[in-house]
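A.B. asks: This is the structure I have questions about; it appears just below.
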Amino acid sequence: MYELTICHLYPDLMNLYGDRGNIITLTKRCQWRGIEVKIIPVSLGDEFRYKDYDIIFIGGGQDYEQTILQDDLMRSKRQPIIEAVESSKVVLGICGGFQLLGKYYRTHTGSEIECIGALDLWTHGGETRLIGNLVIECDFLKGKDPQGYVVGFENHSGKTYLGEGVKPLGKVIKGFGNNGEDGFEGAIYKNTYCSYSHGSLLPKNPVLADHLITLALLNKYPDFMGLEPLSDTLEQQAHDTVIARIISE
Amino acid sequence: MKNLIKKIHLTFTIIITKITIWLLRLLDRGGTSLPGKVALKIYPDILTELADKFRIIMITGTNGKTTTSRIAAGMLEQSGIMHVTNKSGANLVSGIATTLISSLTLTGKARVRTALLETDEAAFKRIAPKLKPEVCIVTNFFRDQLDRYGELYTTLNSVREGIIGTPETVLILNADDSLCASLGKGISNPVIYFGIAPDVYPEANLNINNDAAYCINCSTRYEYSSVTFAHLGHFKCPKCGYERPEAQVECSQVLAYDNLSSTIEIRLPEMKFSTKLALPGLYNIYNALAGASLGKYLGLDEKGLIHVLEGFECGFGRMESVNVMNREIKLILVKNPTGYNQVIKYLLTQKGHCVLALLLSDNLADGTDISWIWDVDFEILSFMKERIRAFHVSGKRAEDMAVRLKYAGIEQDNIKIEHDWNKLIDNIINDAGEQETIYVLPTYTAMLDIRKVLKNRFKLKEFWK
Ligand SMILES: [Zn+2]
Numbered sequence: 001m002y003e004l005t006i007c008h009l010y011p012d013l014m015n016l017y018g019d020r021g022n023i024i025t026l027t028k029r030c031q032w033r034g035i036e037v038k039i040i041p042v043s044l045g046d047e048f049r050y051k052d053y054d055i056i057f058i059g060g061g062q063d064y065e066q067t068i069l070q071d072d073l074m075r076s077k078r079q080p081i082i083e084a085v086e087s088s089k090v091v092l093g094i095c096g097g098f099q100l101l102g103k104y105y106r107t108h109t110g111s112e113i114e115c116i117g118a119l120d121l122w123t124h125g126g127e128t129r130l131i132g133n134l135v136i137e138c139d140f141l142k143g144k145d146p147q148g149y150v151v152g153f154e155n156h157s158g159k160t161y162l163g164e165g166v167k168p169l170g171k172v173i174k175g176f177g178n179n180g181e182d183g184f185e186g187a188i189y190k191n192t193y194c195s196y197s198h199g200s201l202l203p204k205n206p207v208l209a210d211h212l213i214t215l216a217l218l219n220k221y222p223d224f225m226g227l228e229p230l231s232d233t234l235e236q237q238a239h240d241t242v243i244a245r246i247i248s249e
Numbered sequence: 250m251k252n253l254i255k256k257i258h259l260t261f262t263i264i265i266t267k268i269t270i271w272l273l274r275l276l277d278r279g280g281t282s283l284p285g286k287v288a289l290k291i292y293p294d295i296l297t298e299l300a301d302k303f304r305i306i307m308i309t310g311t312n313g314k315t316t317t318s319r320i321a322a323g324m325l326e327q328s329g330i331m332h333v334t335n336k337s338g339a340n341l342v343s344g345i346a347t348t349l350i351s352s353l354t355l356t357g358k359a360r361v362r363t364a365l366l367e368t369d370e371a372a373f374k375r376i377a378p379k380l381k382p383e384v385c386i387v388t389n390f391f392r393d394q395l396d397r398y399g400e401l402y403t404t405l406n407s408v409r410e411g412i413i414g415t416p417e418t419v420l421i422l423n424a425d426d427s428l429c430a431s432l433g434k435g436i437s438n439p440v441i442y443f444g445i446a447p448d449v450y451p452e453a454n455l456n457i458n459n460d461a462a463y464c465i466n467c468s469t470r471y472e473y474s475s476v477t478f479a480h481l482g483h484f485k486c487p488k489c490g491y492e493r494p495e496a497q498v499e500c501s502q503v504l505a506y507d508n509l510s511s512t513i514e515i516r517l518p519e520m521k522f523s524t525k526l527a528l529p530g531l532y533n534i535y536n537a538l539a540g541a542s543l544g545k546y547l548g549l550d551e552k553g554l555i556h557v558l559e560g561f562e563c564g565f566g567r568m569e570s571v572n573v574m575n576r577e578i579k580l581i582l583v584k585n586p587t588g589y590n591q592v593i594k595y596l597l598t599q600k601g602h603c604v605l606a607l608l609l610s611d612n613l614a615d616g617t618d619i620s621w622i623w624d625v626d627f628e629i630l631s632f633m634k635e636r637i638r639a640f641h642v643s644g645k646r647a648e649d650m651a652v653r654l655k656y657a658g659i660e661q662d663n664i665k666i667e668h669d670w671n672k673l674i675d676n677i678i679n680d681a682g683e684q685e686t687i688y689v690l691p692t693y694t695a696m697l698d699i700r701k702v703l704k705n706r707f708k709l710k711e712f713w714k
């Protein structure tokens, strides 16, 4: 019997627009295969021991909420998050969570907010918001999905740039991506995955969801042989119809 | 001389705008924003000019604007005050300009002196300081279409900015909403707060994924002594002491409620009465309280207030019902997680077998980002799934809704995707037994689409005017 424990960091603050969908998807796709899942919310004032968790999720928040958690994050969670990333825990950072995992966020007025610094990337606040449907091509998914396409929706004003040693999650086919300039979206470092695509990222991209579940199981059970396939007709239909529509727009 | 030119300019603007309105009507296109756009082009500061001609009541907030406007309209009628009002969907600057100009004579005199204006939250800060409303009702603040408005606090601050520009306006604010109630702090405006007394609603629950868990002043987590829904309730900040203000208009008891109505006791200064609202759900109690606050301000007595509250029925976009082939089709507009959760709770109170059709589109008026469906508690539907004959999904994002239902615990085989409105209608009618109810929950543009098809197909002239 396999078991996974998922940590939802700051669920009461970093839950912008459907980020819960990612947790629901990870949970259901495990349960449908008989893998037991525990979700542990960790918020302000809670102790965070990364070794207790197999998957760590941090979603997006509004500016106001991000300022609330800043102190708590830097004081009590920063170091364990860095250690989790370095020790190849599966970490998923979306939107604001993606930015926080980087080194700093420079607002468009020029002040710099220090971030966790687990990944070599940084964000500059922009004047306009980059909003819309997003399709990216992910090489690491090509064995599972013919084109390796991942579809989502982005809504951010920060422009993120990747340093050396951090790979993008994918190449932008449609949309803006990290900064609207270099044609890339998201970030991968060890088993940490980041994306600007919020809300329904995993529900509509079951192949990506399964990729993360597999990594987590391999970490915990080195002899793990691979996930049983599920009937993903609806998921695949949602994935394909949205992509077809967006690409033809 | 300068005044004369200004007057000619204004008259010219009114004439051109009226011609545009007439032309659109001639072409059978009930355009509500184009005439206003034309007016603003010719006379950019037209709102300031119009402000002097009307006594204005504005209504803004995330949820409940339309229902509250309709109750407020009832209060004005009961008080014998003739008024004009804008259609929902015409709540931006241009729509408001159109509404006001339509009720002027060619010489610029107001035919009706009072205007009741539903106003978009984001547009409020530009409109309110110009129109200088006598009264402004703010219903609540929830997340809604963030792709359009940016962040919730940006929306709140936009409304705050509008209020700061109108220091004379009487504010009617939701005491139970820490965001909305904060608008009444540190200003000189007279404020009437409305709210629900602690522990009067039996199905209250505290949802941790809420929009405003932390104090707006000092970022400490609020403590709640009672919660009605989402972040609404009796909040108190343990650090700075900011707390739910005392409500002058309060629902002091919920005496009974069912799937169509609730009977409540309302306490106002110097009066207390029971009334039966012909509207279901807790959110409508708030709308009724907001409306009653206006009624009280207008000087209505107990009898007058009750008359309006009991006589009120649902209007466009809230809940509409029509009989087709011995089945009742109920349309309920859904547009954001909080509203959707309320509708799902309402479905739970329904008896008997039914059919569900969830219509999700992502046009501009619906919100182009549909991620919010993951914040809706569709999981609750699995508690009543043996009563639901089938789950139909449609709209431009039907497949996304299908996935959402699957992950909420609904069997894949019981979820049917159909993009063709006509075929969808055939399917839902087939799946429902005689005398059963079909609940159709559409987003805004899906609502317009399905209404049109239903209306044409069943030659429904009398309904949905
Ligand atoms: Zn406080």
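As they're listed, the protein sequences go chains D and W. If you use my numbering, the first sequence corresponds to residues 1 to 249, in order. If you use my numbering, the second sequence corresponds to residues 250 to 714, in order. Just so it is clear, CB atoms sit at the ideal spot from N, CA and C, and this is done for glycine as well.
1) Would you list, in chain order, the members of the region 479-501 of chain W that have their beta-carbon closer than 8 Å to a beta-carbon of chain D?
2) Quick one, which residues of the region 348-362 of chain W are near chain D if we go by CB-CB under 8 Å, in chain order?
3) Between Pro-41/D and Tyr-656/W, what straight-line distance do the alpha-carbon atoms span, to the nearest angstrom?
4) Determine the contact status of Leu-217/D and Gly-152/D, defining contact as a CB-CB distance below 8 Å.
5) To the nearest angstrom, how far is the alpha carbon of Arg-516/W from that of Ala-446/W?
6) Could you tell me whether the Cβ atoms of His-641/W and Glu-667/W are closer together than 8 Å?
7) Using the Cβ count rule (16 or more neighbours within 10 Å means buried), how would you classify Asn-340/W?
8) Measuring straight from C-alpha to C-alpha, what distance separates Asn-572/W and Val-384/W?
9) Identify every residue that forms a DSSP beta bridge with Lys-314/W.
10) What is the C-beta distance between Val-287/W and Thr-317/W, in whole angstroms, given that I count them as a contact (C-beta under 8 Å)?
11) Name the residues in the region 86-107 of chain D whose C-beta lies less than 9 Å from a C-beta of chain C; which are they?
12) Looking at Ile-247/D and Lys-171/D, is the spacing between their C-beta atoms short of 8 Å?
13) Run down chain W in chain order and give the residues with a C-beta less than 9 Å from the C-beta of Ser-248/D.
14) Of all the CB atoms in chain W, is at least one closer than 8 Å to the CB of Asp-12/D?
15) Between Lys-584/W and Met-568/W, how many whole angstroms is the CB-CB distance? I'm expecting something under 8 Å.
16) Does the beta-carbon of Lys-488/W, which I'm using as the reference point, lie nearer than 7 Å to any heavy atom of ligand 1?
17) What residues in the region 611-636 of chain W have a beta carbon less than 8 Å from any beta carbon of chain D?
18) What's the call for Leu-528/W, buried or exposed, on a 16-neighbour Cβ count within 10 Å?
19) Could you check the C-alpha separation between Gly-148/D and Phe-390/W for me, to the nearest Å?
20) Using only the heavy atoms of ligand 1, determine whether one of them is closer than 7 Å to the beta carbon of Thr-469/W.
21) In terms of DSSP beta bridges, what is Ile-637/W paired with?
22) For Thr-233/D, report the span of its alpha helix (DSSP H) as first-last.
23) Does the region 370-380 of chain W touch the region 409-417 of chain W, meaning 3 or more C-beta pairs lie closer than 8 Å?
24) Give the C-beta separation of Asn-423/W and Cys-429/W to the nearest angstrom, bearing in mind that I take them to be a contact with Cβ-Cβ under 8 Å.
25) Which residues, in order along the region 180-198 of chain D, keep a beta-carbon less than 8 Å from a beta-carbon of chain W?
26) Is the Cβ of Ile-243/D closer than 8 Å to any Cβ of chain W?
27) Looking at Tyr-491/W and ligand 3, is the gap between the Cβ and the nearest heavy atom below 7 Å?
28) Any idea what DSSP makes of Ile-330/W, helix, strand or coil?
29) I need the boundaries of the alpha helix (DSSP H) containing Pro-203/D, first residue and last residue.
30) Under the criterion of a Cβ to heavy atom distance below 7 Å, does Cys-464/W qualify as lining ligand 1?
31) What is the DSSP secondary structure of Thr-348/W, counted as helix, strand or coil?
32) I want to verify the contact list: residues of chain D whose CB lies under 8 Å from the CB of Ser-468/W, in sequence order.
33) If you count every other CB in all the chains shown that lies within 10 Å of the CB of His-108/D, and 16 or more means buried, which is it?
34) Secondary structure at Leu-92/D, three-state DSSP: helix, strand or coil?
35) Note down the Cα distance separating Arg-49/D from Leu-100/D, rounded to an integer number of angstroms.
36) Does any residue of chain D bring its CB to less than 8 Å from the CB of Glu-660/W?
C.D. replies: Short version:
1) From the region 479-501 of chain W, no residue has a Cβ closer than 8 Å to chain D.
2) Listed by position, the residues of the region 348-362 of chain W near chain D (Cβ gap below 8 Å) amount to none.
3) Between the alpha carbons of Pro-41/D and Tyr-656/W lies a distance of about 20 Å.
4) Not a contact, by the Cβ cut-off of 8 Å.
5) Arg-516/W and Ala-446/W: Cα-Cα distance of roughly 10 Å.
6) Glu-667/W sits close to His-641/W, with the two beta carbons spaced by under 8 Å.
7) Asn-340/W comes out buried.
8) One C-alpha to the other measures close to 39 Å.
9) Note: Lys-314/W sits in no beta bridge, so no partner.
10) With a contact defined as Cβ atoms closer than 8 Å, Val-287/W and Thr-317/W miss out at about 30 Å.
11) Although the question refers to chain C, the structure presented lacks it and instead comprises the protein chains D and W.
12) No, these two residues do not count as a Cβ contact at 8 Å.
13) For Ser-248/D, there are no neighbours in chain W by C-beta distance under 9 Å, as the nearest C-beta there is about 13 Å away.
14) Taking a beta-carbon distance threshold of 8 Å, Asp-12/D counts as an interface residue toward chain W.
15) So it is not a contact: roughly 14 Å between Cβ atoms.
16) Answer for Lys-488/W: yes, Cβ within range of ligand 1.
17) Listed in sequence order: Thr-617, Asp-618, Ile-619, Ser-620, Trp-621, Ile-622, Trp-623, Asp-624.
18) Classification for Leu-528/W: buried.
19) Taking the straight line from one Cα to the other gives about 40 Å.
20) The beta carbon of Thr-469/W sits closer than 7 Å to at least one heavy atom of ligand 1.
21) Ile-637/W pairs with Cys-603/W.
22) For Thr-233/D, the enclosing alpha helix (DSSP H) stretches over residues 233-248.
23) Touching, yes, given that three or more Cβ pairs across the two stretches are closer than 8 Å.
24) Rounded, the Cβ-Cβ distance is 4 Å, consistent with contact.
25) The residues in question are His-198.
26) No, no contact with chain W.
27) Annotation note on ligand 3: not contained in the displayed structure, which lists ligand 1 as its ligands.
28) Coil.
29) Looking at the DSSP string, the run of the alpha helix (DSSP H) that includes Pro-203/D is 201-204.
30) Relative to the non-hydrogen atoms of ligand 1, the Cβ of Cys-464/W comes within a distance shorter than 7 Å of at least one.
31) Helix, per DSSP.
32) Residues of chain D whose Cβ lies closer than 8 Å to the Cβ of Ser-468/W are, in chain order, Thr-67, Ile-68.
33) Result: exposed.
34) Three-state DSSP puts Leu-92/D in a strand.
35) Going by the C-alpha atoms only, they are around 18 Å apart.
36) With 8 Å as the cut-off, Glu-660/W does not count as an interface residue toward chain D.
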